[in-house]
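Down below is the structure, laid out as structure tokens.
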Amino acid sequence: MFLPTTQKEMNELGWDGLDIILITGDGYIDSPFVGVAVIGKILLDAGYRVGIIAQPDRTSGDDISRLGEPRLFWGVTGGCIDSMVANYTATGRKRKRDDYTPGNVNNRRPDRATIVYSNLIRTWFKETRPIVLGGIEASLRRIAHYDFWSDTIRRSILFDAKADYLLYGMADRSVVELAACLKAGGDPRGIRGLCYASPTIPEGCLKLPSFDHSAQDTNAFTEMFHLFYRNNDPMTALPLAQKQDTRYLIQTPPAHTLESGELDAVHDIDYERELHPYYRNQGEVRALETIRFSIATHRGCYGECNFCSISVHQGRRVTSRSRASILNEARAFTLHPRFKGIIQDVGGPTANMYGIDCDRREKQGSCPDKRCLFPEICPRLTTNHGQQISLLKALRAVNGVKKVFIASGIRHDLILADTKHGREYLKQIIRHHVSGQMKLAPEHSETRVLEKMGKSGRQALLSFREFFFDLTKKEEKNLFLTYYLIAAHPGCTDDDMKQLRSFALRDLKLLPEQVQVFTPTPSTYSTLMYWTEHDPFTGEPCFVEKTYRGRARQKNILADHRTRNQRTDRSRAKNRGINR
């Protein structure tokens, strides 16, 4: 079932009111890939009456008030993407398209959506139930953070939104605990994964440099971020306190990572995998094209790439679903009227981390002084693709399934490190799970830039490339590799991009089409480098290209061949008298 979004739907369910109302910056897509839908269904499964209002009109109270006032709390999220990332490109242009908005036109998600929606609630419901922030926008902005779009250090979004609580991370467990606590009239400030404002610092908190100090001193900001990042593991984290104004932001330790059975339960919930009918007359949502019949096999990532926020939001430990749960989801696809036999993706933040674990993390948490994959793959990581090979084989055998694709990113260095199953895994991918081209994300070729990114060097890419084409030849498959690259990352100069271009032409035999300009998103180490212009691990100065023109220029060092080709095509057409 869909969660109700109108009074009529509430009446049809026989509900005279709601315990919780969720507000989101996305259209209401009922899918396990959409956070607000997952949280809503988890709360419903726990016995609460939950409604959703998607992309409410900010100019009136008609939308925000149509479900009444909740008995327990309002939940507010900017959506699946930080609203500023959703609304603007890395070079400052307003995006015309929004894949999570019905009709695909970017005209319904406000800038800083979490703050706007919180203010909207306060406008139409003066003294109301607690406002609880969640989702990736709130999670990554929960402490003092650098905001690329205003080029300033901003306070915790909890303070700017004047909300009561903030649930960070995935919040599957903590949101149910919060609802139960509020229902019982208790004090929720002991719940893990929670932020709140306090006039004093509770006993046992680790005090971070204040917002004012961090905003004025890049060294203080760096110290603050190190302490914040190191206290992001549920096994070892301390509660944190940071002065914001006259009050303190208090962050309790992260919620414990879901175990396999608990993650199964989240995905075993019945999802419609459609846009709610109330919003359907506004048009389809583009995101459904890729997520409707995709399967998330696990959560979390060992990569900890410096430009990526997954470690801060989902966690540094990987939890894999059971094979039975995944196969049941695939069988459920075959009953959906739109299913044509194609599973579009089987994976996670990185597809080939399924079934890979570290015994230390389960008992002691993440290593405080090293990472799993950088600069080398840790020998304690069980780099074994055997479980995923078996899973993919079983998925191919599901009655009604014609094709199973892997569209999620693949870590080529993990495949090379798996001497027992890596070759067979890649062989299976080549035979059954890619169509035309396989996607890799080396991000760059130059060592000093890759070190700033926290990514493996070019030799691993070249070794994998040789491995890949050797297997495609033996399998008699005409497949290609496509590469995702980043321009204007901290530490990257125009000369580095020229070297990348030369490397691509000489060693990759092509100029990659997928070139992205680095976007400094909140709460990543790369963003810290961007703001401070120093390497936070060595303290050394770090070149940062900050002008929009310079950032675009770096991208065009690789991408301008397309622009030239387009200009040439237009010139030829003009000469022939053809209007294109």
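Counting with the working numbering, you get residues 7 to 586 for the letters of the sequence shown. Even glycine gets a Cβ: it sits at the ideal position worked out from N, Cα and C. Bear in mind that the values here come from a model prediction, so they are computed numbers and not experimental data.
- Task: Within 10 angstroms of the Cβ of His439, are there 16 or more other Cβ atoms? Answer buried if so, exposed if not.
- Result: With 16 or more other Cβ atoms within 10 Å, it is buried.
*asked:* Excluding the 5 residues flanking Ile26 on each side, which residues of the same chain have their C-beta closer than 7 Å to its C-beta?
replied: Scanning its chain for C-beta atoms nearer than 7 Å, with the 5 sequence neighbours on each side dropped, one finds around Ile26 the residues Leu49, Tyr54, Val56, Pro76, Leu78, Phe79, Gly81, Ala185, in chain order.
Could you tell me which of Lys504, Lys480, Leu255, Gly392 sits nearest to Phe234, measuring between CA atoms? Per the C-alpha coordinates, the member of Lys504, Lys480, Leu255, Gly392 positioned closest to Phe234 is Leu255.
Original post:
Leaving out the 5 sequence neighbours to the left and right, which residues in its chain are closer than 6 Å to Met16 when beta-carbon positions are compared?
Top reply: Pro10
Helix, strand or coil: how does DSSP classify Tyr531 here?
helix
Completely contained beta strand (DSSP E) runs for the region 120-163, where each covers 3 or more residues:
Within the region 120-163, the complete beta strand (DSSP E) runs of at least 3 residues are 137-140, 151-153, 158-160.
* Asked: Grouping DSSP H, G and I as helix and E and B as strand, with all else coil, what is Cys384?
  -> coil
*asked:* My output table needs one value for Arg367: the three-state DSSP class, helix, strand or coil.
replied: helix
- Message: Determine whether the beta carbon atoms of Val42 and Leu28 lie at a separation below 7 Å.
- Response: yes
Query raised in the report: When you compare only the Cα positions, how much space is there between Thr388 and Arg322?
Result: 15 Å
field: Own chain partners of Leu19 with C-beta closer than 6 Å, once the 5 adjacent residues on each side are dropped
entry: none
| query | Do you know whose CA, among Gln393, Phe380, His342, Ser469, lies nearest Tyr277's CA? | reply | Comparing Cα-Cα distances from Tyr277 to each of Gln393, Phe380, His342, Ser469, the minimum goes to His342.
**OP:** For Tyr490, collect the residues of the same chain with a Cβ closer than 6 Å to its Cβ; drop the 5 residues on either side in sequence, then sort them by chain order.
**Re:** Leaving aside the five residues that flank Tyr490 on each side, the residues in its chain whose CB is nearer than 6 Å to its CB run, in chain order, Ala447, Gln520.
Inset, instruction - Within its chain, find whatever has a CB closer than 8 Å to the CB of Val318; leave out the 5 residues flanking it on each side and keep chain order. - result: Ser145, Leu146, Tyr235, Asn238, Ser529, Thr530
For Tyr536 versus Pro496, is the C-beta spacing smaller than 7 Å?
yes
Residue ranges of each alpha helix (DSSP H) within the region 290-376, 4 or longer = 294-297, 316-319, 329-339, 365-370
Problem set entry | Where Trp537 sits in the DSSP three-state scheme | DSSP places Trp537 in helix when its eight states are reduced to three.
### Task
Note the first and the last residue of the continuous alpha helix (DSSP H) segment covering Gly431.
At residue 431 the sequence reads Tyr, which differs from the Gly that was named. Residues 428-434.
Taking DSSP as the reference, what is the three-state secondary structure of Ile421? helix
DSSP three-state assignment for Gly192, whether helix, strand or coil = coil
Starting from the Cα of Ser266, find the closest Cα among Gln350, Cys373, Tyr360, Gly289 and give me that residue. Tyr360
| query | Straight-line CA distance for Thr488 to Arg512? | reply | It is roughly 15 Å from the alpha-carbon of Thr488 to the alpha-carbon of Arg512.
Discussion item. By the three-class DSSP mapping on this structure, what secondary structure does Asp166 have?
Written reply: helix
Practice item. Buried or exposed for Lys14, please, with buried defined as at least 16 other CB atoms from any protein chain shown within 10 angstroms of its CB. Key: It is exposed - the Cβ of Lys14 has fewer than 16 other Cβ atoms within 10 Å.
Worksheet item: What three-state label does DSSP hand Pro448 in the structure shown?
Response: strand
I'd like the list of long-range same chain contacts for Arg377, defined as Cβ closer than 6 Å, with 5 residues on each side in sequence excluded.
Glu310
Taking all protein chains shown into account, do 16 or more other C-beta atoms lie within 10 angstroms of the C-beta of Thr258, making it buried, or fewer, making it exposed? buried
| query | For Val521, does the three-state DSSP call read helix, strand or coil? | reply | strand
Requested in this report: Run the CB neighbour count on Ser6, radius 10 Å, all protein chains shown included, and call it buried at 16 or more, exposed below.
Outcome: The question about residue 6 has no answer here: the residues shown for the chain are numbered 7 through 586.
- Item | Classification of Gly31 by the beta-carbon crowding that lies within 10 angstroms, buried from 16 upward | buried
Item to check | Pairwise C-alpha distance: Asp157 and Leu506 | outcome: 28 Å
**Prompt:** First and last residue of the beta strand (DSSP E) that includes Gln248?
**Reply:** 246-249
Subject >> Local conformation of Tyr54 per DSSP, three classes >> reply: Note: Tyr54 maps to coil in three-state DSSP.
Using only the alpha-carbon positions, how far apart do Thr206 and Pro245 sit?
13 Å
Open item on the list: Restricting to Cα atoms, I'd like to know which of Gly354, Leu397, Arg386, Arg366 is closest to Asn334.
Closed with: Leu397
To the nearest angstrom, how far is the alpha carbon of Ser577 from that of Val523? Because Ser577 carries a pLDDT of 35, less than 50, the predicted location of this residue cannot be relied on, and the following value inherits that uncertainty. Cα to Cα, the separation comes out at about 28 Å.
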